[in-house]
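Residue numbers are given in numbering that gives the first Met the number 0: position 159 of the sequence shown equals residue 158, and the series is strictly consecutive.
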Amino acid sequence: MPCKIAGTGKHVLLLHGYGSRKESFYYQTEFLSEYFRVFAPDFPAFGASEPTDEAWSVSDYASWLGKFMSSAGLEKPHVIAHSFGARVAFKLFSVNSGLCDKLVITGGAGLVKERSPQYMRRVKTYRRIKKLFPKYAERHFGSEEYRKLSPLMKESYKKIVNEDLRACAAAVSNETLLIYGENDTVTPPDEEGETFRSLIAGSRLEIIPGGHFCFCENARLFNKLVYDFFTG
Numbered sequence: 000m001p002c003k004i005a006g007t008g009k010h011v012l013l014l015h016g017y018g019s020r021k022e023s024f025y026y027q028t029e030f031l032s033e034y035f036r037v038f039a040p041d042f043p044a045f046g047a048s049e050p051t052d053e054a055w056s057v058s059d060y061a062s063w064l065g066k067f068m069s070s071a072g073l074e075k076p077h078v079i080a081h082s083f084g085a086r087v088a089f090k091l092f093s094v095n096s097g098l099c100d101k102l103v104i105t106g107g108a109g110l111v112k113e114r115s116p117q118y119m120r121r122v123k124t125y126r127r128i129k130k131l132f133p134k135y136a137e138r139h140f141g142s143e144e145y146r147k148l149s150p151l152m153k154e155s156y157k158k159i160v161n162e163d164l165r166a167c168a169a170a171v172s173n174e175t176l177l178i179y180g181e182n183d184t185v186t187p188p189d190e191e192g193e194t195f196r197s198l199i200a201g202s203r204l205e206i207i208p209g210g211h212f213c214f215c216e217n218a219r220l221f222n223k224l225v226y227d228f229f230t231g
C-alpha cells in the first residue's frame, strides 16, 4: 500500500526522505500510533507508489502533498519530515501554515551551498567526458545515490537538489523542532541544523547520537523528544 495508516486520535503525518519509503519510519509509526492517528505515505515514484511520468520538482511534490492531505482527510496534523521530506514541507507549509500544526524536521535538507573550486573542476571534467564517453561518465561521476537513479529520476534529483529553500524555511510560522544526528554527514547539524534554526523563528534544535537516520538509530530518544513536543 502507498500509505500506512495506524492508530486513533490527532493526526500525525510522516514524510520520508529521497530514495526512501514510509517503512523508514517504522519505529515512529509503531510508537506514535499508540497516541495518535498516523499517516505514512510513500511519495510518488518511491516505495509502493506509482512512478511519475515526468521529472518532478520540489514544487510538484508539494502540490501532490497538499492534494494528498485533502483526499486523506488530514485535519491540521503534526508533521515529521526527514531530509527530502523537509524540502517538501518547507515548500508547502511556508505558504500554507494552516495545513499543519507542529512541525518536526529531522536531517532536514534544502540548502544549496557554495561550490568549491574542486567541485567546479570535477563538474567541468564530467561534462567533457560525457560528450565523448557518456556511459563511462554516468558510471564514475556523481554520488552512488545519483548513479542508481533512472534517467527520469536523475532529472528530478537535479531539480530538487539545486533549489535553495532558505526563503521557504524563513517563511515557516509553525512551531518547529529540529532534530539532527551528531554524526550526520549528509545534512551536518552545524550547517543545515544551525542554518534552519536561525531561519525559522522560535525553532529549537536538538542534536542526538546518530547519523542521517538518527530517528532509526536512536528511536527511543527521538520518539520521546517528538512526543513531548507534540503534547507540550
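No residue lacks a Cβ here, since even glycine has one placed at the ideal position from N, Cα and C.
Residue from the options whose Cα sits closest to the Cα of residue i
i	options	result
A170	F195, K153, S149	F195
L148	F212, A44, F30	A44
G282	F38, T186, H15	Residue numbering for the chain in the displayed model covers 0 to 231; residue 282 lies beyond these limits and cannot be assessed.
C99	V87, T184, A5	V87
F234	T186, A71, G106	The requested residue 234 does not occur in the structure, where the chain is confined to residues 0 to 231.
Residue interval of the alpha helix (DSSP H) (run including residue i)
i	result
L153	In the sequence on display, residue 153 carries Lys and not Leu. Here the alpha helix (DSSP H) through K153 covers 150-160.
Range covered by the beta strand (DSSP E) that runs through residue i
i	result
L12	10-14
G180	175-180
V111	No beta strand (DSSP E) contains V111, which DSSP labels as neither H nor E.
V37	36-40
Close-in-space but distant-in-sequence residues of the same chain around residue i (CB under 6 Å, 5 per side omitted)
i	result
I104	A80, A85, L177
Y118	Because the pLDDT of Y118 is 42, which lies under 50, any placement of that residue in the model is unreliable, and the number read from its coordinates should be weighed accordingly. There are no such residues.
L151	A54
F213	It should be noted that the sequence gives Cys, not Phe, for residue 213. So the list reads G180, I207, once near-sequence residues are dropped.
V111	D163
R20	D41, F45, G46
F228	L176
Nonlocal neighbours in the same chain, by C-beta distance under 8 Å from residue i, ignoring five residues either side
i	result
S56	S155, K158, I159, E162
P188	Y179, G180, E181, L204, I206
V185	S82, G106, A108, G210, H211
Rounded distance between the beta-carbons of residue j and residue i, thought under 8 Å
i	j	result
N217	K101	So it is not a contact: roughly 20 Å between Cβ atoms.
V78	L31	With a Cβ gap of about 12 Å, V78 and L31 do not count as contacting.
S82	H211	7 Å
CB of residue i within 8 Å of CB of residue j, strictly
i	j	result
T230	I199	no
K90	S48	no
T28	K66	no
C167	S96	no
Close Cβ partners of residue i (< 7 Å) along its chain, the five nearest in sequence each way excluded
i	result
S63	The question names Ser, but residue 63 is Trp in the sequence shown. The residues are P43.
E33	G6
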